[in-house]
Amino acid sequence: MSITYLTLPTDQKAIGSGWVFLVKHNADGSIERLKARIIAKECCQHPGLDYIESFAHTFRPATLRIIMAVTAVEHLELRSVDITTAFTKGDLDEEIYMKQPEGFHIGGPNKVCRLCKWLYGLTQSAGQWNKKLHCDLTELVFKWIESDCSVYIYSNGEVCIIVPIYIDDITLSSKSSAAIDKYVQLLSTLQMSRPWCHSFPAWYCC
4 MSITYLTLPT
14 DQKAIGSGWV
24 FLVKHNADGS
34 IERLKARIIA
44 KECCQHPGLD
54 YIESFAHTFR
64 PATLRIIMAV
74 TAVEHLELRS
84 VDITTAFTKG
94 DLDEEIYMKQ
104 PEGFHIGGPN
114 KVCRLCKWLY
124 GLTQSAGQWN
134 KKLHCDLTEL
144 VFKWIESDCS
154 VYIYSNGEVC
164 IIVPIYIDDI
174 TLSSKSSAAI
184 DKYVQLLSTL
194 QMSRPWCHSF
204 PAWYCC
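For the sequence shown, the working numbering gives the first residue as 4, with consecutive numbering after it.
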């Protein structure tokens, strides 16, 4: 369970919460779905108490340009994957309590949420997610490059896959569509990923 509801301990403080409402559109502009998300208010968190580390790797713009150039020159296929609710998949190390959001209340007036897993808005969520994703990709025999720790490469002599990562958006670049299909499926079993867009032909990058 991601949240438990209880009375706030006397030696603890509850951080604020809020709603984010989004309208998700299809490529043709039509509405795909309406989305509501509960978030924590990170401005209420205190370093050293509510979190220790918040850093998460993201690739440099120059790295992405190089990958796009290699993809175009080598006629590689690109495929983007979005991890569904990435920031709610890991257990919290810290003891964090959150006020229930407006318009939503369970239990008595003094009940608050004890967060058991990461939540969007928490300062440490991106860093913790990055660590989890690194473990999953390492399990799939990907290795990050030392010059940019947000880029992973898989190579077995016959197949090579380049994977730049920007928080929870993952792109796979390879000559082998079958290999991309395989690792998208493996990622889906580990992280519940879903295709974010269609595959791009090599000329798209030119």
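Backbone N, C-alpha and C fix where the C-beta goes; we use that ideal spot for every residue, glycine too. Note that this is a predicted model, so its numbers are computed, not measured.
Report task. Go ahead and pull the three-state DSSP assignment for Leu143. Result -> coil
Query - Alpha-carbon spacing of Thr10 relative to Met101, whole angstroms - result: 11 Å
Report task. Taking the CB atoms as reference points, tell me whether Leu175 and Ile164 lie closer together than 8 Å. Result -> yes
Query raised in the report: How is Ala43 classed by DSSP in three states: helix, strand or coil?
Result: strand
Query raised in the report: In or out: Lys92 buried (at least 16 other Cβ within 10 Å) or exposed?
Result: buried
Query raised in the report: If you compare alpha carbons, which of His108, Lys27, Gly106 and Asn133 is closest to Ser153?
Result: Asn133
Query - Integer Cβ distance of Tyr123 from Ile42, believed to fall under 8 Å - result: 5 Å
Query raised in the report: First and last residue of the beta strand (DSSP E) that includes Leu175?
Result: Asp172 to Ser177
Requested in this report: Count the other CB atoms, across all protein chains shown, that sit within 10 Å of the CB of Gln188; report buried if there are 16 or more and exposed otherwise.
Outcome: exposed
Query - For Tyr155, three-class secondary structure by DSSP - result: strand
Query raised in the report: So Phe58 packs on Ala39, CB below 8 Å; how close in whole Å?
Result: Wrong, their Cβ atoms sit about 29 Å apart, outside the cutoff.
Query raised in the report: Among the residues of its own chain, which have a CB less than 8 Å from the CB of His28, if the five just before and after it don't count?
Result: Ile34 and Glu35
Query raised in the report: Out of curiosity, what's the CA-to-CA distance linking Val115 and Thr126?
Result: 19 Å
**Report entry** Member of Tyr186, Thr87, Met71 and Asp96 whose CA lies at the smallest distance from the CA of Arg117
**Finding:** Asp96
Query - Residue span of the alpha helix (DSSP H) that contains Leu95, given as start and end - result: Element bounds for Leu95: not the alpha helix (DSSP H) but the beta strand (DSSP E), Asp94 to Met101.
Requested in this report: Taking Leu67 as part of the alpha helix (DSSP H), name the residues at either end of that continuous run.
Outcome: Pro64 to Val76
Report task. Output the boundary residues of the beta strand (DSSP E) element that contains Ile55. Result -> Looking at the DSSP string, Ile55 is not in any beta strand (DSSP E), and its letter there is neither H nor E.
Query raised in the report: First and last residue of the beta strand (DSSP E) that includes Asp85?
Result: Glu80 to Ile86
Report task. Flag this pair as yes or no: are the beta carbons of Asp171 and Ala89 separated by less than 8 Å? Result -> yes
Query raised in the report: Would a C-beta distance cut-off of 8 Å place Ser20 and Cys119 closer than the cut-off?
Result: no
Requested in this report: Could you round the C-beta distance between Ala2 and Val162 to whole angstroms and report it? I think they count as a contact, below 8 Å.
Outcome: Examination of residue 2 is not possible in this model, given that the chain is present from 4 through 209 alone.
Query - Exposure of Ile86, with buried meaning 16 or more beta-carbon neighbours within 10 Å - result: buried
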